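Here the structure is laid out as structure tokens; the discussion comes afterwards.
Residue numbers (the numbering used here): 12 to 715.
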């Protein structure tokens with residue numbers, strides 16, 4: 012750490028840069044809908060031999076034309092893929108691994124000792140059923156947050172050990188186990204009395220090779236899914252107590268959707284509690300599961316009891332399921348939600364009914380009121396291994412975010428079909444489906460005049476340069492006092508909720524990168540006064556080819572529905588020689604809680620940097636700056652040199668040439684420097700030289 016003591020006078024501030032205007036283009040081209048069907052006869056036996064002529068699909072009452080139809084049988088599928096891999100490899104070449112895998116997530120929700128024993132029995136029974144090599148299972152614990160206890164694997168011994176931990180261990184220990192997995196992917200959510208920071212250093216959707224304990228190296232896709240689940244689970248802790256279960260399940264289904272094929276969640280719980288303010292979130296979880304081809308199988312771990320939770324509630328559920336599934340949310344991210352308070356109150360009071368709706372609405376079923384688990388769990392594995400898949404292109408091309416109800420009719424009318432009940436018709440953006448919470452952010456960016464309901468800052472910092480591309484990091488900074496606070500009197504908490512969206516567009520107006528996050532947060536009401544003086548900070552890295560871009564950002568206050576949005580120009584330059592990052596003002600440097608993640612440009616051996624986007628510093632405070640030098644690593648090339656210059660009123664008031672330490676394991680030299688300055692406006696220039704190459708960055712700030 013370097014400290015410079017300087018004296019300077021006040022000078023004019025830097026002028027603002029004008030930015031072009033552009034709109035958000037949502038792609039509404041037709042997309043194929045994939046539908047899984049499990050067909051059984053009156054004896055609950057699987058029915059093979061159906062053809063497309065035996066099946067009719069209706070979307071909002073309109074019959075659709077089936078494009079493809081096939082039976083997926085586990086053993087046949089595995090043998091077929093093995094033969095395909097051998098043929099593709101050719102003589103004498105190793106065959107590729109099976110790529111069409113089935114993912115199963117076993118979730119233990121916090122429960123009583125008796126319920127944990129029952130859940131352990133259920134999970135063991137499930138795992139001892141025949142598992143094909145293309146079925147991979149992970150184990151999670153859900154209490155105040157979703158903890159990963161075992162990554163996706165088909166190692167039964169490892170899975171049974173995780174099941175034992177889930178059913179007998181301390182919940183406080185589960186978070187550490189999950190963090191051990193998290194350390195592989197580098198993610199930070201730091202919340203305190205003066206704000207919250209959310210910083211994933213690696214995007215699991217785009218980073219290949221995120222390895223976690225217990226998952227085969229060849230399953231990069233499954234590793235990314237696990238990383239995403241762990242990433243998202245940290246945000247769940249920000250919801251109120253009664254909403255955490257649903258929020259965690261929503262996050263899980265969203266991440267599982269990154270993988271193709273059938274995904275299954277075995278949900279072990281003594282009941283899914285839905286508080287009165289959770290109706291919209293619950294429907295979002297079901298919709299997300301349906302859109303991502305995720306089926307829930309709920310197991311009520313209370314088993315057979317004298318007073319069944321389902322009595323009186325499941326009859327009401329049958330009528331409710333037929334009406335509530337096509338309703339949409341009246342929040343800023345949805346359409347109009349029809350009021351149905353009486354039926355919803357019945358469901359919310361019956362926690363088993365909520366588990367049943369979650370399962371039945373996503374193509375699964377509820378296992379309840381029984382102590383005999385062998386037969387129903389065998390059915391679950393049958394569903395995973397053997398089912399029909401069909402695809403169709405919807406006749407409607409209107410992707411307006413509304414719910415489309417699906418109905419499957421079989422020509423043999425005496426057969427029973429399990430499938431999802433519908434999906435939300437959401438447009439795509441930059442090739443990715445729009446998340447429901449992003450709709451409000453997109454609406455803000457599509458307005459003829461960008462909304463300015465509250466102040467926030469957003470900036471893309473540039474880090475490691477390459478000749479043709481560069482690593483960047485987007486940072487949002489919102490004063491918490493600018494967000495609407497909602498009191499949760501029952502739990503003595505105060506909640507804020509913001510959603511962030513950044514779009515990067517090329518010169519043709521096409522979206523080339525999208526970064527978004529939905530961040531709810533709750534704090535004890537007794538600490539609210541101090542907490543609201545802080546900031547909500549969200550950072551995430553991404554890569555861009557060299558070029559000129561438009562950066563569009565928006566923040567939506569989900570509690571008030573108000574939004575703010577901005578546009579700016581983003582220039583991305585590369586470097587074949589020595590490289591230098593942007594100069595960032597430092598809010599604080601926190602000690603590392605885990606081994607340093609070299610993929611995170613804001614981490615170095617000295618700690619974790621939290622940047623501030625403010626360009627004003629209080630008089631008397633040290634001005635702390637952070638940047639990274641990227642030297643050329645060829646043998647025989649001289650070490651880089653660094654020059655720091657401070658200017659006031661156009662005149663140089665200080666210059667230093669500190670020696671640079673050796674690069675770290677990633678080949679970078681992170682550098683933090685501090686300066687004590689008198690009031691005034693300053694410009695700092697950082698220049699790095701190595702051999703015949705050089706690079707310079709300039710930044711300005713005001714001390715007042």
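Note that beta-carbon positions come from the ideal geometry of N, C-alpha and C, so glycine has one too.
Please read these numbers as outputs of a predicted model, since none were measured by experiment.
- Counting along the chain, residue 449 sits inside the alpha helix (DSSP H) bounded by residues 449 to 457.
- Taking C-alpha positions only, residue 401 is separated from residue 373 by approximately 16 Å.
- Only residues of its own chain outside the window of five on either side were considered, and among them 308 have a CB closer than 6 Å to the CB of residue 391, listed in chain order.
- Exclusion of the five residues before and after residue 312 leaves 122, 126, 129, 130, 279 and 281 as the residues of its chain whose Cβ lies within less than 6 Å of its Cβ.
- Between the C-alpha atoms of residue 58 and residue 292 there is a straight-line separation of about 35 Å.
- Counting only the Cα atoms, residue 430 lies some 38 Å from residue 497.
- Between residue 62 and the set 49, 54, 75 and 82, the nearest pair of CA atoms involves 82.
- Bridge partners of residue 535 according to DSSP: 504.
- Counting along the chain, the unbroken beta strand (DSSP E) around residue 640 starts and ends at 633 to 641.
- Fully contained in the region 574 to 657 is no alpha helix (DSSP H) run of length 4 or more.
- Annotation for residue 256: the continuous alpha helix (DSSP H) segment containing it runs 255 to 267.
- By the beta-carbon neighbour count (other beta carbons within 10 angstroms, threshold 16), residue 646 is exposed.
- Nearest C-alpha to residue 534 among 268, 545, 133 and 368: 545.
- DSSP places residue 156 in no beta strand (DSSP E); its state is neither H nor E.
- Annotation for residue 529: 448 and 510 place their beta carbon closer than 6 Å to its own, counting only its chain and skipping 5 residues before and after.
- Rounded to the nearest whole angstrom, the CA to CA distance from residue 477 to residue 582 is 14 Å.
- With a 10 Å radius around the Cβ and a threshold of 16 neighbouring Cβ atoms, residue 588 comes out buried.
- Taking the C-beta atoms as reference points, residue 471 is found no nearer than 9 Å to residue 522.
- Rounded to the nearest angstrom, the Cβ distance from residue 285 to residue 50 is 31 Å, too far for a contact under 8 Å.
- Across the set 275, 124, 140 and 584, the C-alpha of 584 shows the shortest separation from the C-alpha of residue 559.
- The three-state secondary structure of residue 54, taken from DSSP, is coil.
- Residue 604 and residue 413 have their C-alpha atoms roughly 43 Å apart.
- Counting only the Cα atoms, residue 685 lies some 15 Å from residue 621.
- Residue nearest to residue 466 within the set 420, 547 and 482 is 547 (criterion: CA-CA distance).
- Non-local beta-carbon contacts of residue 526 in its own chain, meaning distances under 7 Å to residues more than five positions away in sequence, involve 485, 513, 551 and 553 in chain order.
- Shortest Cα-Cα distance from residue 369 to any of 140, 310 and 162 involves 310.
- Among the bridge pairs identified by DSSP, residue 564 is matched with 513 and 577.
- With contacts defined as CB atoms closer than 9 Å, residue 417 and residue 699 fail to qualify as a contacting pair.
- Per the C-alpha coordinates, the member of 658, 134 and 72 positioned closest to residue 389 is 134.
- Nearest C-alpha to residue 315 among 296, 295, 267 and 378: 378.
- The criterion of a C-beta distance shorter than 9 Å is not satisfied by residue 567 and residue 628.
- For residue 391, the enclosing alpha helix (DSSP H) begins and ends at 385 to 396.
- In the assembly as shown, residue 433 is a buried residue. Its beta-carbon has 16 or more other beta-carbons within 10 Å.
- Note: residue 308 is bridge-paired with 277 in the DSSP secondary-structure output.
- Residue 695 has 657 and 710 as its beta-bridge partners, per DSSP.
- The Cβ-Cβ distance between residue 590 and residue 475 falls below 9 Å.
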